[in-house]
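Chains A and B, in that order, are what the protein sequence lines are.
Quick note: to get this note's numbering, add 170 to the position in the first sequence (first position is 1).
Quick note: to get this note's numbering, add 170 to the position in the second sequence (first position is 1).
Beta carbons are placed, not taken as given, at the ideal position from N, Cα and C, and that holds for glycine.
Fair warning: this is a prediction, and the values are worked out from it, not measured in the lab.
I have placed the structure first, in the form of C-alpha cells, so that the comments after it can refer back to it.
2 protein chains.
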Amino acid sequence: MDSCNKQAYRLFFSTLGNQSRLEILNALRNGKKNVTEICAAAKLEQSLVSHHLKELEYHGMIFREKNGKFSYFQLNKKTIQPLLQLIEDHMGEYCCKIARGER
Amino acid sequence: MDSCNKQAYRLFFSTLGNQSRLEILNALRNGKKNVTEICAAAKLEQSLVSHHLKELEYHGMIFREKNGKFSYFQLNKKTIQPLLQLIEDHMGEYCCKIARGER
DNA sequence: TTTTCATATGAAAAATAGTTCATCTATTTA
DNA sequence: TAAATAGATGAACTATTTTTCATATGAAAA
C-alpha cells in the first residue's frame with residue numbers, strides 16, 4: 171500500500187460501502203441488466219440508480235454496454251466475485267455480531 | 171450475498187473506505203504498535219486515532235492487546251493482506267486514472 | 001501521593017456522501 | 001412528427017461520517 175495508492179484504495183472501498191450500490195451489484199449477480207430492470211430488482215428509484223451506476227462504472231466495478239435506448243450493465247466478475255468470497259470468509263470469523271448490529 | 175449479510179458487507183467496506191483508517195492500517199504493516207507510535211507513523215492526532223482504532227477493532231481488522239498503560243494493536247493479516255492484494259490487482263487494470271483523480 | 005504519561009470518550013462542529021426533484025436528451029413507437 | 005419510453009444530470013436538500021475539543025480514567029514515575 172504505497173502512499174500514491176491510498177486515495178485509490180479509499181475510493182475502491184467507499185464505493186462498495188454503500189447499501190444502494192451493494193443492492194445494485196447484487197441485482198447484477200445473475201447477469202446483464204438494463205437500468206429499469208436494476209431498479210425493479212433492487213427496489214430503488216431510477217435517478218438514484220443512474221447516479222450509482224455511474225459511480226460503480228467509474229470505479230471499474232461494472233461495465234456498461236449501450237444498445238439503442240437501453241444501457242446494459244454487468245458485473246466485473248474478476249474483481250467482485252473473489253472480493254465477496256474474501257469478505258464472506260472474514261465475516262464468518264469476525265463479524266457475526268456485526269451483522270446482527272450488536273456492540 | 172444474501173440479504174441478511176448486506177449490512178455487514180456495507181460495514182466492512184465503509185470501515186476501509188476512510189483515509190485515516192487506511193493510514194493506521196498502513197502504520198501497522200510491519201507489526202505491533204501502540205497508540206502513540208501509530209499517531210507518529212500515521213501523522214494523525216491521538217484522539218482521532220483512538221476513535222478509529224476502536225472502529226477497526228470492532229470490525230475485526232485489527233487486534234488489541236493491553237499492557238499496563240499501553241494498548242498495542244496489530245493487523246488481522248489473514249483478512250487484510252489478501253484483501254490488499256486483490257485490490258492491488260483490480261487497480262492495476264481499472265483504476266490508474268482513478269488514483270490520479272481523473273474523470 | 002502528586003504529577004506525568006498513555007489512552008479513551010462524549011458531544012459539538014465540520015466535512016462528505018446520499019437522495020430527491022425537476023428537467024433534459026436520445027431513441028423508439030404510434 | 002408527436003408521444004412515449006429509457007436513461008442521464010445538476011442542484012438542492014438530507015443524512016451520515018469524520019474530526020476536533022475538552023475532559024476523563026487509569027497506570028506508572030517522581
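Measuring only between beta-carbons, confirm whether L192(A) sits less than 8 angstroms from chain B.
-> Translated into positions along the first sequence, residue 192(A) becomes position 22. Taking Cβ atoms only, chain B reaches closer than 8 angstroms to L192(A), which makes this a yes.
When the Cβ atoms of the segment 182–192 of chain A are set against those of the segment 201–208 of chain A, are three or more pairs found closer than 8 angstroms?
-> The answer is no - the segment 201–208 of chain A does not touch the segment 182–192 of chain A, with fewer than three Cβ pairs under 8 angstroms.
Since E235(A) sits in a beta bridge, which residues does DSSP pair it with?
-> Position 65 of the first sequence, counted from the start, is the residue given in the question as residue 235(A). By DSSP's assignment, E235(A) forms a beta bridge with Y242(A).
With a cut-off of 8 angstroms, do at least 3 Cβ pairs link the segment 228–243 of chain A to the segment 234–243 of chain B?
-> Touching, no.
With respect to the alpha helix (DSSP H) encompassing K213(B), which residues constitute its N-terminal and C-terminal limits?
-> Within the second sequence, residue 213(B) is the residue found at index 43, counting from 1. Annotation: K213(B) is outside any alpha helix (DSSP H) and is labelled neither H nor E by DSSP.
Give the range of the alpha helix (DSSP H) segment to which R199(A) is assigned.
-> The residue labelled residue 199(A) in the question sits at position 29 within the first sequence. Element bounds for R199(A): n/a, residue is neither H nor E.
Give me the Cβ distance between G230(A) and F183(B), rounded to the nearest whole Å; I'm assuming they're in contact under 8 angstroms.
-> Looking up residue 230(A) in the first sequence gives position 60. Looking up residue 183(B) in the second sequence gives position 13. Not really, about 15 angstroms apart at Cβ, beyond 8 angstroms.
Rounded to whole angstroms, how far is the Cβ of L245(B) from the Cβ of L181(B), which I believe are closer than 8 angstroms?
-> Here residue 245(B) is taken as the residue at index 75 of the second sequence, counted from 1. Here residue 181(B) is taken as the residue at index 11 of the second sequence, counted from 1. That belief does not hold up - the Cβ atoms of L245(B) and L181(B) are roughly 18 angstroms apart, past 8 angstroms.
Which word fits H221(A), buried or exposed, when buried means at least 16 other C-beta atoms lie within 10 angstroms of its C-beta?
-> Walking along the first sequence from the start, residue 221(A) turns up at place 51. So H221(A) counts as exposed.
Taking the DSSP output, what are the residues bridged to N204(B)?
-> Here residue 204(B) corresponds to residue number 34 of the second sequence, with the count starting at 1. Secondary-structure assignment with DSSP links N204(B) through a beta bridge to Y242(B).
Can you list, in chain order, the residues of its chain whose CB lies under 7 angstroms from that of Q216(A), leaving out five sequence neighbours each side?
-> Numbered from its first residue, the first sequence carries residue 216(A) at position 46. Closer than 7 angstroms at Cβ, skipping near neighbours: V205, C209.
So with Cβ pairs under 8 angstroms, would you call M171(A) a contact of chain B?
-> Translated into positions along the first sequence, residue 171(A) becomes position 1. Confidence in M171(A) is poor, its pLDDT being 48 and thus under 50, which makes the residue's placement unreliable; the coordinate value appears in the next sentence. Answer yes: the Cβ-Cβ gap between M171(A) and chain B drops below 8 angstroms somewhere.
Can you grab the Cα-Cα spacing for the pair A212(A) / I232(B), in whole Å?
-> Here residue 212(A) refers to the residue found at position 42 when the first sequence is read from its first residue. Here residue 232(B) refers to the residue found at position 62 when the second sequence is read from its first residue. Going by the C-alpha atoms only, they are around 33 angstroms apart.
Measure from the C-beta of Q189(B) to each C-beta in chain A and report whether the shortest distance is under 8 angstroms.
-> The residue you call residue 189(B) lines up with position 19 of the second sequence. For Q189(B), at least one C-beta of chain A is nearer than 8 angstroms to its own C-beta.
Could you name the residues of chain B that L253(A) contacts, counting a contact when the two beta carbons are closer than 7 angstroms?
-> Sequence index remark: in the first sequence, residue 253(A) carries index 83 (1-based). Those are L256, listed as they occur along chain B.
CB-CB length for I257(A) against Y228(B), believed under 8 angstroms | Looking up residue 257(A) in the first sequence gives position 87. Looking up residue 228(B) in the second sequence gives position 58. Not confirmed; about 16 angstroms, so no contact.
Measuring only between beta-carbons, confirm whether F243(B) sits less than 8 angstroms from chain A.
-> Looking up residue 243(B) in the second sequence gives position 73. So, not an interface residue.
Between L226(B) and V219(B), what straight-line distance do the alpha-carbon atoms span, to the nearest angstrom?
-> Along the second sequence, one-based indexing puts residue 226(B) at 56. Along the second sequence, one-based indexing puts residue 219(B) at 49. Rounded to the nearest angstrom, the gap between the Cα atoms of L226(B) and V219(B) is 10 angstroms.
Could you name the residues of chain A that R234(B) contacts, counting a contact when the two beta carbons are closer than 7 angstroms?
-> For the purposes of this step, residue 234(B) is taken as residue 64 along the second sequence, with counting starting at 1. Residues of chain A passing the Cβ test: none, with the nearest at roughly 13 angstroms.
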